[in-house]
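The block underneath contains the structure these notes are about, expressed in structure tokens.
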Amino acid sequence: METIGVMGAGIGAGLAAIGAGIGIGRLAASSVESIARQPEAAGDIRGAMILTAAFIEGAALFGEVICLLAVLAGGN
Amino acid sequence: MPLRNILIITAILFSGGTILAQHDAHPQQDHDTHTPDAVHQDDGAHSPADTAAHAAGAHETHHEPEAYNASASILHHILDTHDWEITEIPAGKDAAGKQLYRPISIPLPWFFYSSRDGFQVVGSTAALPEKGYVAVHDQLYALKAGATVHADAHGAVHLSEEELATIKDADVTLVDLSITRTSFQMLLIGILLVILFTGVARAYARRGSAAPKGFQSFMEPIILFIRDEVARPYLHNKADAFLPYLLTLFFFIWFCNILGLTPLNSNITGNISVTAALAILTFILTQVNASKDHWIHIFNTPGVPWWLKFGIPLMPVVEFIGLFTKPFALAIRLFANITAGHFMVLGLVSLIFIMGKNGESLIGGLAIAPLSVLFTLVIFCLETIVAIIQPFIFTLLTAVFIGMAMESHDHSHDHGHDHASDKHHH
């Protein structure tokens, strides 16, 4: 039972990472595209990109922390 | 082509290390592996019989090397402790020929409130039993009258749950307020910041608008960056009032992160209590400086059908929870980023100990070492960037949250403009 719990946490951590990867990947793709299209706005775009990346990452980190808690609580 | 060669070499190194380690692992599989008493990195997973065995001095029978418990070792580095352990040095061998290690550590004082004796100050963990207390796995317990505990040569006490239950006085309420490793290092960082920045401030007072010099010229672009890219775009005309706090926040987190990357056994911003405290400060600043419109937006959100506000109060509930999730995310983000970095570095270093069977298999350790060191180096480069990105994001989001709460929605022109650009961003 514990093993399944730990395995679930591992799978969950992977899924959270996939979600964040897709999110930040799309964000980066369109930011780079925007910078290429409008290089003079690079500073603003970069600022917005970092801010938004932080929010996306935040959602993934909630997932990762829950997985970590599951492992620490279930592993003992 | 070169990339392919690198991949092949990596694969060979990996499989080679694994095979060697497996080879070494075979003879030990049916033996009882055992945690030594001198290495005080205790895994907390002692069976009572095991501990009783050491208490009786019966460990001569265990000649096998203990299994290296990577997760216990990593957690030992990540978690807060009551002494600042820098490293361990070899300290001879015991009767059974087992290598002993002596920790090089700075003992930090215990300071706690006990319902039995009032406020207590005890110099170090080793001195606790004299006063009628004991610390097991950094957790403080009161001893019953007349109970004695035996510490090993280095003052570490090993007790199982059962042994502890017989000697601890459960009626005594303890509130541990000690200066732990993390809080001690935080104080050091604080002192360092005061010294560095009073120097920089004095340089500005003395030199005026002349070109900056020395350390001042290192700090000036960073300070200006925070002012121009973080404070002013989000806090507008209130920027200068919040700038001292934002700068303190940025440099404090940054310096803590950098200290965490040194081999001084430091994990300040990877401690959830520290990041939570910083996030609570942001929360308080946000709510204290909130405009009337901020509260109107929460409890009477404009542009939302009335039945979502008063019929089914969904929007106010969501908005109200949002007040707390923002600082919560702030705390978790910093904590998780720094802890993840430490986990990765410690995990990669642990590979050497796992493959090397904790010193028994030299070949296994050597096989994995180059790969482990290379990966650790790569992670370190990444962590150096994370160490400055994270304080930037923390500071930026603090400014954004305060700016959002302070925003007043009744004047028309630049407000409309702000919203347009906000929508554009998201």
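In order, the protein sequence lines correspond to chains V and U. Counted the way this note's numbering counts, the first sequence spans residues 1 to 76. Counted the way this note's numbering counts, the second sequence spans residues 1001 to 1426. All C-beta atoms in this analysis are idealised placements derived from N, C-alpha and C, irrespective of residue type, glycine included. It should be emphasised that the depicted structure is a prediction, and the values quoted were computed from it without experimental measurement.
In terms of beta-carbon proximity, residue 50 (chain V) lines the interface with chain U, with at least one pair separated by less than 8 Å. Taken in chain order, the whole alpha helix (DSSP H) runs of length 4 or more contained in the segment 1338 to 1409 of chain U are 1362 to 1406. With a 10 Å radius around the Cβ and a threshold of 16 neighbouring Cβ atoms, residue 1129 (chain U) comes out buried.
Under the three-state reduction of DSSP, residue 1128 (chain U) is assigned to coil, being neither helix nor strand. Secondary structure of residue 1090 (chain U) (DSSP, three-state): strand. Note on geometry: alpha-carbon atoms of residue 1220 (chain U) and residue 1187 (chain U) lie some 24 Å from one another.
The residues 1038, 1091, 1092, 1093 and 1094, in chain order, have a CB closer than 7 Å to that of residue 1100 (chain U) in the same chain once the five nearest residues on each side in sequence are set aside. Each residue's CA atom was taken as its position, placing residue 1176 (chain U) and residue 1282 (chain U) some 26 Å apart. Measuring C-alpha to C-alpha distances from residue 1185 (chain U) to each of U:1148, U:1136, U:1252 and U:1242 identifies U:1252 as the nearest. Taken through DSSP and simplified to helix, strand or coil, residue 1168 (chain U) comes out as strand. One finds 1336 and 1340 in chain U with Cβ atoms closer than 8 Å to the Cβ of residue 64 (chain V), taken in chain order. In this structure, the alpha-carbon of residue 1341 (chain U) lies about 23 Å from that of residue 1365 (chain U). Following the DSSP letters along the chain, one finds residue 1307 (chain U) in no alpha helix (DSSP H), marked with neither H nor E.
Boundaries of the beta strand (DSSP E) around residue 1107 (chain U): 1099 to 1107.
For residue 1142 (chain U), the enclosing beta strand (DSSP E) begins and ends at 1139 to 1142.
CA-to-CA, the gap between residue 1215 (chain U) and residue 1200 (chain U) works out to about 7 Å. Between residue 1338 (chain U) and residue 1390 (chain U), the C-beta gap is smaller than 8 Å, which places the two residues in contact. Taking 8 Å as the CB threshold, residue 15 (chain V) stays off the interface with chain U. DSSP places residue 1174 (chain U) within a strand segment (E or B) once states are collapsed to three. When DSSP states are grouped into helix, strand and coil, residue 1183 (chain U) belongs to the helix group. Of the other Cβ atoms in all chains shown, 16 or more fall within 10 Å of the Cβ of residue 1068 (chain U); this residue is therefore buried.
A direct Cα-to-Cα measurement between residue 1363 (chain U) and residue 1076 (chain U) gives close to 27 Å. In this structure, the alpha-carbon of residue 1212 (chain U) lies about 45 Å from that of residue 1089 (chain U). An exposed status is given to residue 33 (chain V), since fewer than 16 other beta-carbon atoms sit within 10 Å of its beta-carbon.
Check the Cα spacing between residue 1250 (chain U) and each of U:1225, U:1267 and U:1234: the tightest is with U:1225. Under the Cβ distance rule, residue 40 (chain V) does not count among the residues neighbouring chain U, no pair being separated by less than 8 Å. DSSP places residue 1136 (chain U) in the strand class (E or B) of the three-state scheme.
Taking the Cα positions, residue 1315 (chain U) is about 49 Å away from residue 1118 (chain U). If you look at residue 1209 (chain U), you'll find it isn't in any beta strand (DSSP E); DSSP assigns it neither H nor E. The straight-line gap separating the alpha-carbon atoms of residue 1223 (chain U) and residue 1245 (chain U) is approximately 12 Å. In this chain, the beta strand (DSSP E) harbouring residue 1114 (chain U) covers 1110 to 1114. Distance from the CA atom of residue 1326 (chain U) to the CA atom of residue 1078 (chain U), rounded to whole angstroms, is 25 Å.
Not a single C-beta of chain V is nearer than 8 Å to the C-beta of residue 1130 (chain U).
Under the DSSP assignment, residue 1120 (chain U) falls in the beta strand (DSSP E) whose first and last residues are 1118 to 1122. The beta carbon of residue 53 (chain V) sits closer than 7 Å to the beta carbons of 24 and 27 from its chain, once the five residues preceding and following it are set aside; these are given in chain order.
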